[in-house]
């Protein structure tokens, strides 16, 4: 990108704020992948919707860093703010 890693703090106030933004983006992308699979099945006239787990797995294979951020080892010292992460996180399981 042509910038030093500390330059990110011009755009976010802290490491925790950056992690929160990344979590929300990852949850949103995962939820959209599951919804796209559901909608595609409906468009094809499938009576049985696709497994959300299968769609989530496909997303995880395509985006391993996002999956690891959401479901991997916790980041030491970081506590996700409920007011910003619960809604995107629960959207995944709908």
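In our numbering, the protein residues as written are 981 to 1074.
Virtual Cβ for every residue (Gly too), placed ideally from N, Cα, C.
Computed from a predicted structure; not experimentally measured.
Next item on the list: Go to residue 1046, then tell me how far its alpha helix (DSSP H) extends in each direction, as first and last residue.
Entry: The count along the chain shown starts at 1 and reaches residue 1046 at position 66. First-last of the alpha helix (DSSP H) with residue 1046: 1044-1051.
Notebook entry, point to check: Between the Cα of residue 1060 and the Cα atoms of 1004, 984, 1010 and 1022, which residue gives the shortest distance?
Noted result: As a working note, residue 1060 is residue 80 in the chain shown. Minimum Cα distance to residue 1060 is reached at 1004.
Notebook entry, point to check: Which same chain residues, not among the five before or five after residue 1040, have their C-beta less than 6 Å away from its C-beta?
Noted result: Residue mapping note: residue 1040 aligns to position 60 of the chain shown, counting from 1. 1047, listed in sequence order.
Check: Quick one: is residue 1014 buried, meaning 16 or more other Cβ sit within 10 Å of its Cβ, or exposed?
Finding: Taking the first residue of the chain shown as 1, we reach residue 1014 at position 34. Counting Cβ neighbours within 10 Å, residue 1014 comes out buried, since at least 16 surround it.
Check: Buried or exposed: residue 1020, going by 16 or more other Cβ atoms within 10 Å of its Cβ?
Finding: In the chain shown, residue 1020 corresponds to position 40, counting from 1. Looking at its Cβ environment, which holds fewer than 16 other Cβ atoms inside 10 Å, residue 1020 is exposed.
Check: Should residue 999 and residue 1055 be called a contact, given that it needs their Cβ atoms to be closer than 8 Å?
Finding: Position 19 of the chain shown, counted from the first residue, corresponds to residue 999. Position 75 of the chain shown, counted from the first residue, corresponds to residue 1055. Yes, these two residues count as a Cβ contact at 8 Å.
Check: Considering only the beta carbon of each residue, do residue 1043 and residue 1009 sit closer than 8 Å?
Finding: Taking the chain shown and counting its residues from 1, one reaches residue 1043 at position 63. Taking the chain shown and counting its residues from 1, one reaches residue 1009 at position 29. Yes, they are a contact pair.
Margin query: Would residue 1058 and residue 996 be called neighbours here (beta carbons separated by less than 8 Å)?
Written below: The residue labelled residue 1058 in the question sits at position 78 within the chain shown. The residue labelled residue 996 in the question sits at position 16 within the chain shown. Yes. Within cutoff.
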